[in-house]
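Colleague: Heads up: the sequence shown begins at 3 in the numbering used here, then just goes up one per residue.
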Amino acid sequence: MASSLLPEQHPERVQLHNEIHARPAEIIEAPLAITHIVMLTDAAQREASRAHVAALLRDHHRPLPDAATTHVLIDLGAFRLRWEQHTEFVAWTFATPMEPSSVADMREPETAINAVPQSWLRKLPGQCLSSLHLWALSESAVDAPQLVRHMLHADTLVGSRVAGDAGSIYTDFAIHADGFSRMLLLASDELTPRRLGRLVQRLLEIETYRMAALLGLPAARKAAAVLATAERELAELAHAIRAADRDTEPALLDRLTRLAGQVESEYAATHSRFSASSAYFELVERRIQELQESRVDGIQTIREFMDRRLSPARATCEWATRRQNALSERVSRVSSLLRTRVEIEQQQSSQQLLGTMNDRQGMQLKLQSTVEGLSVAAITYYITGLISYLAKGAQKLGWPWSPESTAAVAIPIVAFSVWWSLRRLHHKLFGRHA
Numbered sequence: 003m004a005s006s007l008l009p010e011q012h013p014e015r016v017q018l019h020n021e022i023h024a025r026p027a028e029i030i031e032a033p034l035a036i037t038h039i040v041m042l043t044d045a046a047q048r049e050a051s052r053a054h055v056a057a058l059l060r061d062h063h064r065p066l067p068d069a070a071t072t073h074v075l076i077d078l079g080a081f082r083l084r085w086e087q088h089t090e091f092v093a094w095t096f097a098t099p100m101e102p103s104s105v106a107d108m109r110e111p112e113t114a115i116n117a118v119p120q121s122w123l124r125k126l127p128g129q130c131l132s133s134l135h136l137w138a139l140s141e142s143a144v145d146a147p148q149l150v151r152h153m154l155h156a157d158t159l160v161g162s163r164v165a166g167d168a169g170s171i172y173t174d175f176a177i178h179a180d181g182f183s184r185m186l187l188l189a190s191d192e193l194t195p196r197r198l199g200r201l202v203q204r205l206l207e208i209e210t211y212r213m214a215a216l217l218g219l220p221a222a223r224k225a226a227a228v229l230a231t232a233e234r235e236l237a238e239l240a241h242a243i244r245a246a247d248r249d250t251e252p253a254l255l256d257r258l259t260r261l262a263g264q265v266e267s268e269y270a271a272t273h274s275r276f277s278a279s280s281a282y283f284e285l286v287e288r289r290i291q292e293l294q295e296s297r298v299d300g301i302q303t304i305r306e307f308m309d310r311r312l313s314p315a316r317a318t319c320e321w322a323t324r325r326q327n328a329l330s331e332r333v334s335r336v337s338s339l340l341r342t343r344v345e346i347e348q349q350q351s352s353q354q355l356l357g358t359m360n361d362r363q364g365m366q367l368k369l370q371s372t373v374e375g376l377s378v379a380a381i382t383y384y385i386t387g388l389i390s391y392l393a394k395g396a397q398k399l400g401w402p403w404s405p406e407s408t409a410a411v412a413i414p415i416v417a418f419s420v421w422w423s424l425r426r427l428h429h430k431l432f433g434r435h436a
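#1: Using three-state DSSP, classify LEU2 as helix, strand or coil.
#2: From GLU295 to TYR172, what distance separates their C-alpha atoms?
#3: Quick check: what's the CA-CA separation for SER104 versus THR194?
#4: Considering only residues of the same chain and omitting the five flanking positions on each side of PHE91, which have a CB-CB separation below 8 Å?
#5: Measure the alpha-carbon distance for PHE276 versus THR323 and round it to whole angstroms.
#6: Is ALA179 a contact residue of the ligand FMN, with contact defined as CB to any heavy atom under 7 Å?
#7: Starting from TRP122, trace the alpha helix (DSSP H) both ways and give me its first and last residue.
#8: Within the chosen definition, does the stretch 283–301 reach the stretch 257–267 through at least 3 CB pairs nearer than 8 Å?
#9: Taking the continuous beta strand (DSSP E) assigned at GLY218, which residues delimit it?
#10: To which residues of the same chain is ALA246 closer than 7 Å at the C-beta, ignoring the five residues directly before and after it?
#11: Report buried or exposed for TYR282, applying the criterion of at least 16 other Cβ atoms within 10 angstroms of its Cβ.
#12: Can you round the beta-carbon distance between LEU312 and ILE304 to whole angstroms, since I take them to be within the 8 Å contact cut?
#13: Kindly indicate which residue of SER279, VAL333, VAL298 and SER337 has the alpha-carbon position closest to the one of TRP321.
#14: Buried or exposed, going by whether 16 or more other CB atoms sit within 10 Å of the CB of VAL16?
#15: For PRO9, name the three-state secondary structure that DSSP assigns.
#16: Let me confirm a value: HIS435 is counted as buried when at least 16 other C-beta atoms fall within 10 Å, else exposed. Which label applies?
#17: Is it true that the stretch 237–245 meets the stretch 330–340, where meeting means three or more beta-carbon pairs spaced less than 8 Å apart?
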């Protein structure tokens, strides 16, 4: 009854409202083995990943995801599956509880993917961007120093106390012989299953977004080579413009236009990648901040490691973006200056042409005045001749003057009339007197 009192609803209101609940953290209890795999995908591979997860669910007689589903969290008995579809990648997370006996002896660590069908796992759509084994263990059930030495490389070891000193994280950010990175999460009794789930989710997101952010680094290095070539060519063009004359300027303008097109093309090809990397770098920084790290003696924290190792890559991507923008602006300024110079010269040429045309028009007016004078004389001559013939005929009818006298009197009258008529015609055509 209450719903009928609501006004018209936005068609996507429910979907937008539920977005904040789209990827909730799991409730996790240690000990747990987790395997996280991130597959870089295009649009077709993302759709194929939905079909791939549907095939697994079908084999386990579970409900299938629909076409709009971007997140699946389900317990398949032998393992739990978390499938997340993002804009550029698909994340697969597998989790299995660990036996107490396997926790006591981690020389051959148990992994979650051991419970996943191997033939199905090998056919994950896309390209593997990141793969991580994470073990969430109880701090009181293991010998932490010995476990860390056995599982991780000492020369790149990173670790810290996290979540308000409620647990410890250790990793070496290295790819081990099986192709996976490793991370140990040792939880104290203060870390509740819900908090542990949120902490695990942050760690997985740090690894995922770190790799996604670094996708901009190869693009930045490639762009640097293109930009260096373009900058040299721009410098050569700027130098050539200083000594250019009217004949060479059009060719320089054509080269400059081609260079501008090349710079804008490179910008368009890399802008989305650099923008995405910038967003991922910010996410990594935010997730690290949420860990609430405190130092473990003799070991650098995750934040310190990222500041030293990830910041240069981030600076390279940002520098490439700034360099592209600066080069585009410089090309635009040089192009504008050259176009202005060409336009000024064209205006000067146009003014010279107009001056020449004015001179020619003056000469034409003078010739026209001369022709008009001759025309007045010629027209007067012919009209006077006609008047003389009329006078000869009129004598027989009583005209008192001789033809010669009549013609002599008519000449000035006819000449003035013809001149006046021509001047009136000239005024109507040109709007002014010659």
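Every residue, glycine too, gets a C-beta built ideally from N, C-alpha and C.
Modeller: Result, derived from the coordinates:
#1: What the structure shows of the chain is the stretch from 3 to 436, and residue 2 is not part of that stretch, so it cannot be assessed.
#2: 12 Å
#3: 22 Å
#4: VAL40, MET41, LEU42, THR43, GLY128, LEU131, THR210 and ALA214
#5: 7 Å
#6: The ligand FMN is absent from the structure shown, which contains no ligands of any kind.
#7: 120–123
#8: no
#9: No beta strand (DSSP E) holds GLY218; the alpha helix (DSSP H) holding it covers 218–244.
#10: LEU254
#11: buried
#12: That pair is no contact at about 10 Å.
#13: SER279
#14: exposed
#15: coil
#16: Its pLDDT being 43, under 50, HIS435 is placed unreliably in this model, and the value from its coordinates should be taken loosely. Per the 10 Å Cβ criterion, exposed.
#17: yes
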